[in-house]
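Chains as they are written, first to last, in the numbering used here: chain X, 534 to 769; chain A, 534 to 769.
There are 2 protein chains.
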Amino acid sequence: MPTTPPRKPTERKRGSGVQFVYNVLRDEILSLKLAPGSPIDEVQLSQRLSTSRTPIREALVRLAGDGLVTTLPNRSTVVTNIDLLNLHAFFDAITLMYRVTTRLAAQNHRADDLPAIRARQAEFAQAVNGQDALGMIATNRDFHAAIAAAARNPYYESLFLRLLDEGRRMMRLYYSSFNDKLPQRYVVEHEEIIAAIEARDIDLSDRLARAHADQIVTQTRNMIAAERRVDISLEI
Amino acid sequence: MPTTPPRKPTERKRGSGVQFVYNVLRDEILSLKLAPGSPIDEVQLSQRLSTSRTPIREALVRLAGDGLVTTLPNRSTVVTNIDLLNLHAFFDAITLMYRVTTRLAAQNHRADDLPAIRARQAEFAQAVNGQDALGMIATNRDFHAAIAAAARNPYYESLFLRLLDEGRRMMRLYYSSFNDKLPQRYVVEHEEIIAAIEARDIDLSDRLARAHADQIVTQTRNMIAAERRVDISLEI
DNA sequence: TGCTCATTTTATGTCGACAAATAAAATACA
DNA sequence: TGTATTTTATTTGTCGACATAAAATGAGCA
Chain X
534 MPTTPPRKPT ERKRGSGVQF VYNVLRDEIL SLKLAPGSPI DEVQLSQRLS
584 TSRTPIREAL VRLAGDGLVT TLPNRSTVVT NIDLLNLHAF FDAITLMYRV
634 TTRLAAQNHR ADDLPAIRAR QAEFAQAVNG QDALGMIATN RDFHAAIAAA
684 ARNPYYESLF LRLLDEGRRM MRLYYSSFND KLPQRYVVEH EEIIAAIEAR
734 DIDLSDRLAR AHADQIVTQT RNMIAAERRV DISLEI
Chain A
534 MPTTPPRKPT ERKRGSGVQF VYNVLRDEIL SLKLAPGSPI DEVQLSQRLS
584 TSRTPIREAL VRLAGDGLVT TLPNRSTVVT NIDLLNLHAF FDAITLMYRV
634 TTRLAAQNHR ADDLPAIRAR QAEFAQAVNG QDALGMIATN RDFHAAIAAA
684 ARNPYYESLF LRLLDEGRRM MRLYYSSFND KLPQRYVVEH EEIIAAIEAR
734 DIDLSDRLAR AHADQIVTQT RNMIAAERRV DISLEI
């Protein structure tokens, strides 16, 4: 992948400018190519993406709505940094969303939802088999996003997507301490979840989702704790 | 209250323009002064609020992030209309948020949270005693928002606020069929909730919040059903 | 009269520029 | 040398204008 986004100097359809900027920035933020806390220079960005400041600003406002950037009045907007103080709130919320979306998917899914979910699961399994940790994070997100779509509740879905993105950033941040032994266990759990959804077993779906979420939360916690110990030992 | 917003032709501090426009539009949308589905003319708005189109657009983007307006590409942005198809999803989500925020408030509230909550409850009781239905809706929102703030989970809080606002619009929409006998019952339930939070009784808080939410959902459902019958009879 | 296509019109998306506010630098002073 | 104050510079917030896309209008024709 080239590090510079694909662009042709002044050829872009009307109306796609903002979307383009939004997508580029969003991707760079989630992939930590833009570090948390780093300031965003509007002029520099407008030059890099060869557009005026107006689409940049609009994209930034949207990203601020997503919580991905923070706008300081009259000062630079910065990439929202990951606060380790509210970790508990994050884990609590994402666990609940895992459960609720899976439950509702078992209840509300329609005929063509399952193929979509299975397709995401196939990509996930492929990433795990290929020992592609970053790919696993992304495909895991897509898998659960597909389930959330089948749950047919846009309120839960939007919060869940936001939390999954936040989790993706966190995972990337602490990726260095990943042991790289990607657990086949997650693949199995995903399969069980699919089966429960297909059987429309709401209670089982809930229990599986809860266990799955606890798994992920525990591993993430361990990752962060390990990294923190390294930080501390480096500080001293 | 004057129907035109307070403004002085060209005197406004730098940076407050967007916030001002955002607040005015938000209030007008939530109070149904701007009807759901009605288009928003940027030029007309810029003249009415005596500002340029740029702050208007930025405010509209923010409102779109809140789900209060919907932007149709290359076409007018319209006030998001209340879809009665997803009512089930709405009630499901708001009930869960009532429960979760109350639970967590019981668990996480600090010393100065309760006075704030009690202040909102006093306003609520006053609105109920004064048979001020619209005031009751607004103060009820603020009461539960205060509880959500004490719950110390920004993810739940933001979703809950969004749902409460959406509910406020729905209530206003069907206000005509309100019986105007404002139930003292809600005041009592609020008092019980406060007591449970203060006692840090998580299970009781959850049960009370659930019952309270069911009350509100049931009444709202009845209101809508009654109004719908009227609609149907008018159509025939 | 009714339908299709060209034209006009209206409103949005984007642009470059100016003004104000904050940060940075430079100067004055103790 | 260190601190306070003025000056400069950088960056954001706002503005008016132009370009373009979709809707509204009107002309042409069957």
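Quick reminder that beta carbons are idealized off the backbone N, C-alpha and C, glycines included.
The three-state secondary structure of P606 of chain X, taken from DSSP, is coil. The three-state secondary structure of I727 of chain A, taken from DSSP, is helix. At a cut-off of 7 Å, the C-beta of L692 of chain X has a neighbouring C-beta in chain A.
Counting the other CB atoms within 10 Å of its CB gives Q654 of chain A a total of 16 or more, which places it among the buried residues. Spatial neighbours of I730 of chain X in its own chain (CB-CB distance under 8 Å, excluding positions within 5 residues in sequence) are listed in chain order as T635, A638, A639, H642, L647, I650, I680, A683 and S738.
Per DSSP, the continuous alpha helix (DSSP H) segment holding L563 of chain X begins and ends at S549 to L563. Annotation for D599 of chain X: the continuous alpha helix (DSSP H) segment containing it runs R586 to D599. Contact residues of the stretch 605-623 of chain X toward chain A are P606, N607, N619, H621, A622 and F623 (C-beta to C-beta distance below 9 Å). Pairing F657 of chain A with T672 of chain A gives a Cβ-Cβ distance under 7 Å.
DSSP links V611 of chain A through a beta bridge to A:P572 and A:T603.
Using beta-carbon distances, Y688 of chain A counts as an interface residue toward chain X, with a partner under 7 Å. Between the stretch 566-577 of chain X and the stretch 605-623 of chain X, the count of C-beta pairs closer than 8 Å reaches three or more; the two stretches touch.
Chain X has a Cβ within less than 7 Å of the Cβ of V594 of chain A. With distances taken between CA atoms, Q748 of chain X lies nearest to X:V721 out of X:Q580, X:V721, X:L605 and X:A592.
Among the residues of chain X, none has a CB under 9 Å from the CB of L697 of chain A; the nearest is roughly 12 Å distant. The beta-carbon of E591 of chain A is placed less than 7 Å from the nearest beta-carbon of chain X. For D625 of chain X, the chain A residues whose Cβ falls inside 7 Å of its Cβ are N686, in order along the chain.
Between I562 of chain A and the set A:L741, A:E699, A:S549 and A:N755, the nearest pair of CA atoms involves A:E699. Where D698 of chain X is concerned, the enclosing alpha helix (DSSP H) starts and stops at P687 to L706.
Take the alpha-carbon of R559 of chain X and the one of L596 of chain X: they are about 7 Å apart. Residue environment for H677 of chain X: buried (at least 16 other C-beta atoms within 10 angstroms of its C-beta). When C-alpha distances from L578 of chain A are compared across A:R695, A:L706, A:D734 and A:A592, the shortest belongs to A:A592. Between V557 of chain X and P588 of chain X, the C-beta gap is not smaller than 7 Å, which leaves the two residues out of contact. In this structure, the beta-carbon distance from I627 of chain X to Y707 of chain X does not fall below 7 Å. Going by C-alpha positions, H745 of chain X is about 13 Å away from Q717 of chain X. Note that the C-beta distance between R701 of chain X and I726 of chain X is not below 7 Å.
Sorting X:T584, X:L567 and X:L565 by C-alpha distance to the C-alpha of R547 of chain X places X:T584 at the top.
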